[in-house]
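**Student:**
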Amino acid sequence: MALLQTTERSPVGIADARGGAFSQWIGRNAAILLLGVVLLVLPAVATNFWLDQVVGWTMILGIIALSLMFLAGYGGMVSLAQMTVAGVSGYMIAVFGVSSLPAISLFWPWWAAAPMAIVIAVAFGALTGILSSRTEGIYTIMITLAIAAAFFYLTLQNWPIFNGFAGFTTIPAPVAFGVNWKEPIPLYYLILFFAALSYLSVAYISQAPFGLALQGIRDNPRRMEAIGYNVTAHRVAAYAFAALIASIGGILMVWLNNQISPGSAGIEATIDMLVIAVVGGLGHPIGAFIGAFIYVILRTFSLDVLVAVGLDGRRFQTLIGLGFLVIVLFSPDGVIGLWRRLVDRAGRSNNSGNGSGH
Amino acid sequence: MSTAFGEDNPAAARGDALGRWIGRHPVWSLVIAVVVIIFLWLVLAPWPAGFEAVFGKKRLFVNALFNGTTLGGLYFLVATGFTLIFGLMRNVNLAHGSLYLFGGYMGYEATQWTNSWLFGFVIAFISCAIVGIAMQFFIFRRMEGQDLRQTLVTLGLSIVFADLMVWVWGGNAIQIDTPDYLLGPTPTPIVVALKSSGEAVFLQYPIVRLVIFAAAVIIGVAMWIALNRTRIGVMIRAGVDDRDMLSVLGYRVQLLFIAVFAFGAGLAGMAGVVGGTFQSISLGEDSHFLLASLQVVIVGGMGSIPGAALGALIIGLAEQFGQTYFQNYATVSTFVIMVIVLAVRPQGLLGRR
Chain S
189 MALLQTTERS PVGIADARGG AFSQWIGRNA AILLLGVVLL VLPAVATNFW
239 LDQVVGWTMI LGIIALSLMF LAGYGGMVSL AQMTVAGVSG YMIAVFGVSS
289 LPAISLFWPW WAAAPMAIVI AVAFGALTGI LSSRTEGIYT IMITLAIAAA
339 FFYLTLQNWP IFNGFAGFTT IPAPVAFGVN WKEPIPLYYL ILFFAALSYL
389 SVAYISQAPF GLALQGIRDN PRRMEAIGYN VTAHRVAAYA FAALIASIGG
439 ILMVWLNNQI SPGSAGIEAT IDMLVIAVVG GLGHPIGAFI GAFIYVILRT
489 FSLDVLVAVG LDGRRFQTLI GLGFLVIVLF SPDGVIGLWR RLVDRAGRSN
539 NSGNGSGH
Chain R
46 MSTAFGEDNP AAARGDALGR WIGRHPVWSL VIAVVVIIFL WLVLAPWPAG
96 FEAVFGKKRL FVNALFNGTT LGGLYFLVAT GFTLIFGLMR NVNLAHGSLY
146 LFGGYMGYEA TQWTNSWLFG FVIAFISCAI VGIAMQFFIF RRMEGQDLRQ
196 TLVTLGLSIV FADLMVWVWG GNAIQIDTPD YLLGPTPTPI VVALKSSGEA
246 VFLQYPIVRL VIFAAAVIIG VAMWIALNRT RIGVMIRAGV DDRDMLSVLG
296 YRVQLLFIAV FAFGAGLAGM AGVVGGTFQS ISLGEDSHFL LASLQVVIVG
346 GMGSIPGAAL GALIIGLAEQ FGQTYFQNYA TVSTFVIMVI VLAVRPQGLL
396 GRR
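First to last, the sequence lines map onto chains S and R. For this note's numbering, count along the first sequence from 1 and bump the result up by 188. For this note's numbering, count along the second sequence from 1 and bump the result up by 45.
As structure tokens, then:
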């Protein structure tokens, strides 16, 4: 499982001087802070298409991929059911909330429907965790893929709850606190808020006792068991936490797309989610968003590019698959790993005289 | 972990063993006997009118039973290669569904050319075996022991394969013609209803499905014999248990891996032709059969051929009965079976740790 052994090298050094701590923190997180500022002011310059269909969509896929990254990177559990968890919460917000299908939807207000959807999705995620924690390692992929596929075929076949292959349409973001969140710019900020929140909470938990225990379990479950940690409970809790993140992503996904159908959480989407997480890199939470950005850019513009270089524009999936293969074969820790190696190499050639290499 | 491919009970000892087992578990024996008798009654006897009023027509039940069993035969053909590859090489081949689909398309092309249904199987087997050999030789040989990375590679390959197959064969469903000599239904000795005159109506069932099922059983038995009675089989079983030791002893493990991958992929390809004849092959069938293989090996036990047979039968029956009796929740039935097995026996019904 060499892929999973590269977590972030978190510099937990304690600063000598108090005053230096803040500026050091700024220095360490300069890239993230800069990104945050850019994202905050983006609505001033970007068109609505870029705001929602590119950046917003990136952040939503990133949130869902982040939940996979959390499980895989910190817990060593590559769960393919994260898109399915998002799908469950997306379907539930349509079933309990507002949609164009009065026969199925219950038309609860958002403050009741959204928590309900999240609770059901988290329960589903925890159940997935309980099931896949019964086995280990590579079996996790098989079991979670089987669960994801079963859910896809269920949504396809079931009419009383999931409305078959037609799914639900017209599921708008609500009007709340005097803001119509359906409008592009409020929706963008809503997505940005939850993307930042989930990023920060994953970053925080990875350093908190729970996250550290989880990483210990990833590296050596037997030893952690011997020390007295309840391995299964930690794993299931990790699944539940990841499901919480993914379910938020699922609701935002439905509000952005204004529809949900079996394809939204289908097998292709499930696999795309793994592709996003692996391409971005399972070593750091930001990898999920980088992977999502690459994916969305490819998805949005590959048609034009493929046609421009004289290829069939419909071969998008081949492009994605080949790109994924290249990453898996040559840079198992994703784009993040690629970047780190570049930085390392640059650093080494700078201090080559000091002999301070790794 | 001991041998994962069935046990070596000498057949002669079977009769005695059964007697002793009954002696040791009288209650279970009784329960099993009652279940078997009820089952035989359900299948063989015409159902009374009151019974049919509650449980639906007998024709539906028997059809679901036959369809489920023959579908189980098809699932066995697909899943057995999957489980063999996994058992020996620890490679979860998520491109297995793509091999199934590819075999189906190649078999279709071959039957179109030559008008020979059987030739379709040969071509499907060979072309999928070649793809399997290429995958093992060029990719997986270089990343042995890295489970997750291998799995991700198979996933990437399945994405590419699926897209390339859409490119070549388009998105429409393709049906492979059943040959004339297997066309049409055959009467079976099972009574599905009684006419008002008291005359029995017998079930008519497509010959081709019965033939295919028989072929699947023959292939399964042949594989079991090959694994338990031949030298290659001994090597494979030894490799499943401890491939490092096998290679230390001087056996050409890489060659064995390639042979097993080729055979497993070829079986998937042949299953593609079967699937194309039974139902149809189209875009999306690759993930359907990948899911089926996953469920079969999760239920039956990973790396076990008897497990694949049992799992395939269970999943096939569950799917067909689900579709007959509760259409909206058909997939839930297979899912529930998977959940129960994982809860009670995480290694699968016939799997070993």
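Idealized CB from N, CA, C, for every residue including glycine.
#1: Give a yes or no on whether 7 Å exceeds the smallest Cβ distance from Met330/S to chain R.
#2: Please name the residue in Gly229/R, Thr199/R, Glu244/R and Leu239/R whose C-alpha comes closest to that of Ile130/R.
#3: Counting Cβ pairs, one atom from each stretch, are 3 or more of them under 8 Å apart for the stretch 117-125 of chain R and the stretch 327-338 of chain R?
#4: In whole angstroms, give me the CA-to-CA distance for Leu116/R and Met280/S.
#5: So Gly321/R packs on Gly113/R, CB below 8 Å; how close in whole Å?
#6: Could you tell me the distance, in whole angstroms, from the CA atom of Glu244/R to the CA atom of Leu163/R?
#7: Name the chain R residues that come within less than 7 Å of Trp334/S, Cβ to Cβ?
#8: Using three-state DSSP, classify Gln395/S as helix, strand or coil.
#9: Report the neighbours of Val512/S on chain R: residues whose CB is nearer than 8 Å to its CB, in chain order.
#10: List, from N- to C-terminal side, the alpha helix (DSSP H) runs of 4 residues or more that fit wholly inside the stretch 315-391 of chain R.
#11: Measuring straight from C-alpha to C-alpha, what distance separates Gln249/R and Gly265/R?
#12: Measure the CB-CB distance between Ala27/R and Met180/R and report whether it falls below 7 Å.
#13: Closest to Leu491/S by CA distance: which of Gln505/S, Gly525/S and Gln403/S is it?
#14: Please determine if the stretch 306-314 of chain R and the stretch 198-217 of chain R are in contact, where contact requires at least 3 C-beta pairs separated by less than 8 Å.
#15: If you reduce the DSSP assignment to three classes, tell me which class Pro231/S lands in.
#16: Name the one or two DSSP bridge partners that Phe247/R has.
#17: Within 7 Å of any Cβ in chain R, is that where the Cβ of Pro199/S sits?
#18: Please list, in chain order, all residues of the same chain as Leu223/S whose beta carbon is under 6 Å from its beta carbon, the five residues on each side excluded.
#19: Between Thr376/R and chain S, is there a C-beta pair that is closer than 7 Å?
#20: What residues in its chain sit with their C-beta under 7 Å from that of Arg254/R, if we drop five residues either side in the sequence?
#21: Could you check which residue in Gly479/S, Gly437/S, Ala434/S and Val495/S has the C-alpha nearest to that of Gly525/S?
#22: Could you say which of Leu339/R, Gly356/R and Arg135/R lies nearest to Gly345/R if we only look at CA atoms?
#23: So Ala431/S and Ala309/S are supposed to be a Cβ contact under 8 Å. How far apart are they, rounded?
#24: Closer than 9 Å between beta carbons: that is the criterion. Which residues of the stretch 316-329 of chain S meet it against chain R?
#25: Could you check whether the Cβ of Asp532/S sits closer than 6 Å to any heavy atom belonging to the ligand NAD?
#26: Under 7 Å between C-beta atoms, does Asn373/R make it to chain A?
#27: Taking buried to mean at least 16 other C-beta atoms within 10 Å of its own C-beta, is Tyr226/R buried or exposed?
#28: Would you report the Cα separation of Gly148/R and Trp158/R, rounded to the nearest angstrom?
#29: Using a Cβ-Cβ cutoff of 9 Å, what residues of the stretch 478-508 of chain S are near chain R? List them in chain order.
#30: Is there at least one Cβ from chain S nearer than 7 Å to Val285/R's Cβ?
#31: Tell me which same chain residues have a C-beta within less than 7 Å of the C-beta of Gln193/S, skipping the five on either side of it?
#32: By the DSSP assignment, the alpha helix (DSSP H) with Asn112/R in it spans what residues?
#33: Can you check whether the CB of Ala353/R is closer than 7 Å to the CB of Gly128/R?
#34: My assumption, with CB atoms under 8 Å, is that Phe356/S sits in contact with Ile448/S. Please give the rounded CB distance.
#35: Mind pulling the beta strand (DSSP E) runs of 3 or more residues that sit fully within the stretch 390-446 of chain S?
#36: What span of residues does the alpha helix (DSSP H) with Asp460/S cover, start to end?
**Tutor:** Straight from the coordinates:
#1: yes
#2: Thr199/R
#3: yes
#4: Between Leu116/R and Met280/S, the C-alpha separation is close to 33 Å.
#5: Contact flag wrong, Cβ pair sits at about 20 Å.
#6: 39 Å
#7: It is Ala, not Trp, that sits at residue 334/S in the sequence shown. Chain R residues near Ala334/S: Leu336, Leu339, Gln340, Ile343 and Met383.
#8: helix
#9: Reading the sequence as shown, one finds Phe at residue 512/S and not Val. Going along chain R in sequence order, the residues near Phe512/S (Cβ under 8 Å) are Leu197, Leu200, Gly201 and Ile204.
#10: 330-345, 350-370 and 375-389
#11: 26 Å
#12: What the structure shows of chain R is the stretch from 46 to 398, and residue 27/R is not part of that stretch, so it cannot be assessed.
#13: Gln505/S
#14: no
#15: In the structure shown, Pro231/S sits in a helix (DSSP, three-state: H, G or I).
#16: Val236/R
#17: Any answer about Pro199/S is weak, because its pLDDT of 44 lies below 50 and its placement is not dependable; what the coordinates show is given next. For Pro199/S, the answer is no, since every Cβ of chain R falls outside 7 Å of its Cβ.
#18: none
#19: yes
#20: Taken in chain order, the residues that qualify are Thr115 and Phe323.
#21: Gly479/S
#22: Per the Cα distances, Gly356/R.
#23: 6 Å
#24: Ile318, Leu319, Ser320, Arg322, Thr323, Gly325, Ile326, Tyr327 and Ile329
#25: This structure simply doesn't include the ligand NAD, nor any ligand for that matter.
#26: Looking at the structure shown, chain A is missing, and the protein chains on hand are S and R.
#27: exposed
#28: 15 Å
#29: Asp500, Arg502, Arg503, Phe504, Gln505, Thr506, Leu507 and Ile508
#30: no
#31: Note that Gln193/S has pLDDT 47, beneath the 50 cutoff, so the model's placement of it is unreliable and the number below is only indicative. Nothing listed; no residue qualifies.
#32: Lys103 to Met134
#33: The question names Gly, but residue 128/R in the sequence shown is Thr. Closer than 7 Å, so yes.
#34: Sure, about 5 Å apart at Cβ, within 8 Å.
#35: List check, beta strand (DSSP E) in window: nothing returned.
#36: Counting along the chain, the alpha helix (DSSP H) containing Asp460/S begins and ends at Ile455 to Gly468.
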